[in-house]
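*Asks:* I have a structure I would like to understand better, so I am pasting it below and will then ask my questions one at a time.
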Amino acid sequence: MPKRKLDPLPSAAFQILLALAGEDLHGYAIMRQVAEQTAGRLRLGPGTLYSSIRTLLEAGLIEELDQREDPQLGDERRRYYRLSSAGRRLARSEAQRLADLLRAARAKKILKGEYV
Amino acid sequence: MSEKIYGWLLRLFPSRFRAAYGEDALQLFRDRARHETGFLLRVRLWFDLLGDLASSLPREYRYAQPGAALTVSPQRINAAPFPSLFILRDTPPRATALLSGFVLTVSSVLLCSSLLNQAAARRPSRSSFRTPQASASPRASTPSSAQAAENANISAAAPGSDETLASQQSAAAPPSFAPNDASSNAAESPASTSFTDSRSNRSFAQPPALPPADSHSPIPPSNSPSAAAPSLPNNLSRATALASTSLDAAERHRVIGSAAAALREHYVYRGDAQRMAESLLAHEKRGDDDAATDGGTFAALLTRQMREVRADRHLSLDYFPDPLPPQPTAITSEPDPRYREIMKQQNCTFEKVEILAHNIGYLKLNSFPDPAVCEATAKAAMATLNGADALIYDLRDNRGGTPDMVAFMAAYLFDHPEYWYNPRENTTDRSWTHSPVPGSKLADKPVFVLTSHQTISGAEHFSYDLKMLRRATIVGETTGGAAHSGIFYRLDDHFGMGIPEANPINPYSTPDWAETGVDPDIKVPAADALSTALKLAEAKLAKK
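Residue numbers (my numbering), protein chains in the order written: chain V, 340 to 455; chain E, 399 to 942.
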């Protein structure tokens, strides 16, 4: 059975890694965080979200934490996820790759700006 | 409500995914639904969900992974309240399994097709026609003893009528009958003329025809010469018949009883025979027949009741105003001497054999007489026509005859044995034409058959088969529609039944000509058929 490849890292998976970079989150919070960090452009649906989470879990890039409640969302117990050190490394290298890409784009005058 | 809908949609995901994340997905949906209120947000929510389904479903199935793995137990499958998808095996099939599956599939397909082919080989299909008798020797010039036996049961009907045709069913069977034919036998007698083939100077003398039997009354079949003799005292018997036209319940009951018995005993489709018999009795019990006090109406009613069970146009029950002769038991082995005499007088009903302008051969044939008597005449006529560039068979006054002669005449038109469908006989080795006929140059010549609404029976057989084989162009009117493959059974003095005992294979998609007749390819009034066919033939020859 072909394993889902994380190379190249799908954008949904990268966004999830980034969302978890700040704090441990449950599924819905990840979805909201992703929507926030993409200015609402990417709203992960349940299928995409959880299949990405599963892939990342299997690759050891994130970890599943014990279930607990989210005080803001009532008393339902939720699974929380945390970025693993491998996930952090991968996210960093992916960001680096994108930064390189960005620099190249700037060098070709495709994109303006100085940041990064 | 919407959560329930989404729960259903989640069922589309592989079971493993649902087991692991189904609850979470639902929870996510609930969270979103709780926070995203208002019409636009709701629309966006569902838009997202459906888009998510469309994109993640295929991926889930493609990448359905082992390991994450809750294997599915049968209980879970049974517990599922509605149809859902489970993956029962974690691993994909091995290459060897795929290969053996492929081999099994291919071999079972091959096995099936070869079995089907074998089954089909028993039925003649157009493509398999040529094999069975390809090596058969050409027809012997004199009829074999077997043929003679088959031709045995010739009744002494007037020439050109059809009684002789159906009696070919089998030598042991009682004579067949032809009620429809006889009734359409208009009183026409061929003129007494002598015809000369302008090329060969060969003349066909035609003596005066016998005065035909009273052809408006059906001629019941019989071996007794008096029954079919031209001098049948019809007026007398009709008078007695009129007196006994009115039926009472007792007679109806008797007829129904004998009809049911005859069906059970003779009808080729046993199951339907049983059902028909029961249906006849049931109709009687219900009083459906009570109104039928007239013989003809009653016979038509019973025929309709039988055909409700099976729409078999070869099956009929008929009423005869004239008392039927007793069912013959003795089967003669020789054609009736009277028949021989009549045929001799009428040149075997080969009325005209001519070569017309543009070397178009013209044969006016008014019956298909028994080859045991008329083979020499037929051969001579065909020899005369052998040099023609096109052939016109004028069957407008042809009332049928023996299927042997029909096939004999057709044999000239093919260069290989051709399956010759005969609705009156089971398909046998004899169902192929004895082609090629040695010396025949007609196998590739255009053929036209002229028909009228009085063209019946054997003549329709000839027209129908040539039309189906696309060997001839039929010009004229739709034919009479007399196929009656049934064998005649006498029920009492006035009622008889035609019951099919053979179940021949019709290789053509259209039903045979029973009751409907053969439709011409070129529909013109019978009177104009010859001129039309001549024009067509000339046009065809001019193209060459």
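From the three backbone atoms N, C-alpha and C, an ideal C-beta is built for every residue, glycine too.
If you're wondering where the values come from, they're calculated on a predicted model, not measured in any experiment.
Can you tell me which of E:Ser765, E:Asp646, E:Gly837 puts its alpha carbon nearest to the alpha carbon of glutamine 744 of chain E?
*Replies:* Indexing the second sequence from 1 puts residue 744 of chain E at position 346. Ranking the options by Cα distance to glutamine 744 of chain E, first place goes to E:Ser765.
*Asks:* Should the stretch 413-422 of chain E be regarded as contacting the stretch 382-401 of chain V, the criterion being three or more beta carbon pairs within less than 8 Å?
*Replies:* Verdict: yes, contact present.
*Asks:* I'd like to know whether the C-beta of glycine 405 of chain E is nearer than 8 Å to at least one C-beta of chain V.
*Replies:* Looking up residue 405 of chain E in the second sequence gives position 7. Glycine 405 of chain E does not count as touching chain V.
*Asks:* Note the first and the last residue of the continuous beta strand (DSSP E) segment covering alanine 788 of chain E.
*Replies:* Walking along the second sequence from the start, residue 788 of chain E turns up at place 390. Its beta strand (DSSP E) spans residues 788-792.
*Asks:* I need the straight-line Cα distance from lysine 941 of chain E to proline 801 of chain E, nearest angstrom please.
*Replies:* The count along the second sequence starts at 1 and reaches residue 941 of chain E at position 543. The count along the second sequence starts at 1 and reaches residue 801 of chain E at position 403. The straight-line gap from Cα to Cα measures roughly 35 Å.
*Asks:* Hey, how far is the Cα of valine 432 of chain V from the Cα of alanine 425 of chain V?
*Replies:* Within the first sequence, residue 432 of chain V is the residue found at index 93, counting from 1. Within the first sequence, residue 425 of chain V is the residue found at index 86, counting from 1. The amino acid occupying residue 432 of chain V in the given sequence is serine; valine does not appear at that position. Taking the straight line joining both Cα atoms gives about 11 Å.
*Asks:* Report the three-state DSSP secondary structure of phenylalanine 812 of chain E (helix, strand or coil).
*Replies:* For the purposes of this step, residue 812 of chain E is taken as the residue at position 414 of the second sequence. In the structure shown, phenylalanine 812 of chain E sits in coil (DSSP, three-state: anything other than H, G, I, E or B).
*Asks:* Which word fits valine 771 of chain E, buried or exposed, when buried means at least 16 other C-beta atoms lie within 10 angstroms of its C-beta?
*Replies:* Here the question's residue 771 of chain E lines up with position 373 in the second sequence. The residue is buried, with at least 16 neighbouring Cβ atoms inside 10 Å.
*Asks:* Roughly how many angstroms lie between the CA atoms of glutamate 858 of chain E and aspartate 813 of chain E, to the nearest whole one?
*Replies:* Here residue 858 of chain E is taken as the residue at index 460 of the second sequence, counted from 1. Here residue 813 of chain E is taken as the residue at index 415 of the second sequence, counted from 1. Each residue's Cα considered, the two are about 22 Å apart.
*Asks:* Please decide whether arginine 673 of chain E counts as near chain V, where near means a Cβ-Cβ distance under 8 Å.
*Replies:* As a position in the second sequence, residue 673 of chain E is number 275, starting the count at 1. No, no contact with chain V.
*Asks:* Please report the Cβ distance between proline 898 of chain E and histidine 651 of chain E, rounded to the nearest whole angstrom; I am assuming they are in contact, meaning their Cβ atoms lie under 8 Å.
*Replies:* Numbered from its first residue, the second sequence carries residue 898 of chain E at position 500. Numbered from its first residue, the second sequence carries residue 651 of chain E at position 253. That pair is no contact at about 25 Å.
*Asks:* Go ahead and pull the three-state DSSP assignment for alanine 554 of chain E.
*Replies:* On the second sequence, position 156 is the one that residue 554 of chain E refers to. For alanine 554 of chain E, the predicted model reports a pLDDT of 39, less than 50, meaning its position is unreliable and no value from the coordinates is stated.
*Asks:* Report yes if the C-beta distance between methionine 803 of chain E and alanine 776 of chain E is below 8 Å; otherwise report no.
*Replies:* Position 405 of the second sequence, counted from the first residue, corresponds to residue 803 of chain E. Position 378 of the second sequence, counted from the first residue, corresponds to residue 776 of chain E. Contact flag set, yes.
*Asks:* Taking only beta-carbon positions, decide if glutamate 415 of chain V is within less than 8 Å of chain E.
*Replies:* Here residue 415 of chain V refers to the residue found at position 76 of the first sequence. Yes - at least one Cβ of chain E is within 8 Å of the one on glutamate 415 of chain V.
*Asks:* What residue range is occupied by the uninterrupted beta strand (DSSP E) comprising valine 847 of chain E?
*Replies:* Taking the second sequence and counting its residues from 1, one reaches residue 847 of chain E at position 449. Where valine 847 of chain E is concerned, the enclosing beta strand (DSSP E) stretches over 845-849.
*Asks:* When the Cβ atoms of the stretch 414-428 of chain V are set against those of the stretch 438-450 of chain E, are three or more pairs found closer than 8 Å?
*Replies:* Because the criterion of three Cβ pairs below 8 Å is not met, the stretch 414-428 of chain V and the stretch 438-450 of chain E do not touch.
*Asks:* Assign alanine 809 of chain E to buried or exposed, taking buried as 16 or more other Cβ atoms, counted over all protein chains shown, within 10 Å of its Cβ.
*Replies:* As a working mapping, residue 809 of chain E is identified with position 411 in the second sequence. By the 10 Å Cβ count, alanine 809 of chain E comes out buried.
*Asks:* Let me check one thing: in DSSP terms, what residues is proline 748 of chain E bridge-paired to?
*Replies:* Locating residue 748 of chain E in the second sequence gives position 350, where the first residue counts as 1. In the sequence on display, residue 748 of chain E carries phenylalanine and not proline. Looking at the DSSP assignment, phenylalanine 748 of chain E forms a beta bridge with E:Leu763.
*Asks:* Which stretch, first to last residue, makes up the beta strand (DSSP E) that contains threonine 394 of chain V?
*Replies:* Taking the first sequence and counting its residues from 1, the one referred to as residue 394 of chain V is at position 55. Premise fails: threonine 394 of chain V lies in the alpha helix (DSSP H), 385-397, not in any beta strand (DSSP E).
*Asks:* Taking C-beta pairs closer than 7 Å, name the residues in chain V that phenylalanine 427 of chain E reaches, listed in chain order.
*Replies:* Start at 1 with the first residue of the second sequence, and residue 427 of chain E comes out as number 29. The answer, in chain order, is Pro385.
*Asks:* Is the beta carbon of leucine 426 of chain E within less than 7 Å of some heavy atom of the ligand ZN?
*Replies:* Because no ligand of any kind appears in the structure shown, any question about the ligand ZN cannot be addressed here.
*Asks:* Do glycine 384 of chain V and serine 423 of chain V have their beta-carbon atoms positioned less than 8 Å apart in this structure?
*Replies:* The residue you call residue 423 of chain V lines up with position 84 of the first sequence. The residue you call residue 384 of chain V lines up with position 45 of the first sequence. Not in contact: serine 423 of chain V and glycine 384 of chain V (Cβ atoms no closer than 8 Å).
*Asks:* I'd like to know if glutamate 458 of chain E contacts chain V, where contact means its C-beta is closer than 8 Å to some C-beta of that chain.
*Replies:* On the second sequence, residue 458 of chain E is found 60 positions in, with the first residue counted as 1. Chain V contact via Cβ: present.
*Asks:* I'd like the span of the beta strand (DSSP E) that includes phenylalanine 886 of chain E, first residue to last.
*Replies:* Walking along the second sequence from the start, residue 886 of chain E turns up at place 488. Here the beta strand (DSSP E) through phenylalanine 886 of chain E covers 885-888.
*Asks:* Reducing DSSP to helix, strand and coil, say where glutamate 875 of chain E ends up.
*Replies:* In the second sequence, residue 875 of chain E corresponds to position 477, counting from 1. It is coil, neither helix nor strand.
*Asks:* Taking arginine 888 of chain E as the reference, give the member of E:Ala937, E:Ala660, E:Ser498, E:Gly436 with the closest Cα.
*Replies:* Sequence index remark: in the second sequence, residue 888 of chain E carries index 490 (1-based). Of the listed residues, the one whose Cα sits closest to arginine 888 of chain E is E:Ala660.
*Asks:* Using beta carbons (cut-off 8 Å, strictly below), is arginine 380 of chain V in contact with chain E?
*Replies:* Against the first sequence, residue 380 of chain V aligns to sequence position 41. Judged by the 8 Å Cβ criterion, arginine 380 of chain V is not in contact with chain E.
*Asks:* With distances taken Cα to Cα, identify the nearest neighbour of threonine 695 of chain E among E:Ala680, E:Met674, E:Tyr717, E:Val707.
*Replies:* Numbered from its first residue, the second sequence carries residue 695 of chain E at position 297. Measuring from the Cα of threonine 695 of chain E, the nearest candidate turns out to be E:Tyr717.
*Asks:* Any beta carbon from chain V within less than 8 Å of serine 453 of chain E's own beta carbon?
*Replies:* Here residue 453 of chain E refers to the residue found at position 55 when the second sequence is read from its first residue. It does; some Cβ of chain V falls within 8 Å.
*Asks:* Taking Cβ positions only, does leucine 497 of chain E come closer than 8 Å to chain V?
*Replies:* Locating residue 497 of chain E in the second sequence gives position 99, counting from the first residue. Not an interface residue.
*Asks:* At the 8 Å Cβ level, is leucine 364 of chain V part of the contact set with chain E, yes or no?
*Replies:* In the first sequence, counting from the first residue as 1, residue 364 of chain V sits at position 25. Chain E, which has no Cβ nearer than 8 Å to the Cβ of leucine 364 of chain V, makes this no.
*Asks:* If I measure Cβ to Cβ from alanine 657 of chain E and keep anything under 7 Å in the same chain, skipping five residues before and after, which residues do I get?
*Replies:* If you number the second sequence from 1, residue 657 of chain E lands on position 259. Leu678, Leu700, Leu715, Leu889, Met895, listed in sequence order.
*Asks:* Exposed or buried, what is proline 769 of chain E when buried is set at 16 or more other beta-carbons lying within 10 Å of its beta-carbon?
*Replies:* One-based indexing of the second sequence puts residue 769 of chain E at position 371. By the neighbour-count rule (16 or more Cβ atoms within 10 Å), proline 769 of chain E is buried.
*Asks:* Does the beta-carbon of tyrosine 404 of chain E have 16 or more other beta-carbons within 10 angstroms, so that it is buried, or is it exposed?
*Replies:* Numbered from 1 along the second sequence, position 6 holds the residue referred to as residue 404 of chain E. Flag for tyrosine 404 of chain E reads buried.
*Asks:* For a cutoff of 8 Å on Cβ pairs, would you count tyrosine 420 of chain V as touching chain E?
*Replies:* Counting from one through the first sequence, the residue named residue 420 of chain V turns up at place 81. False, the Cβ-Cβ gap to chain E never drops below 8 Å.
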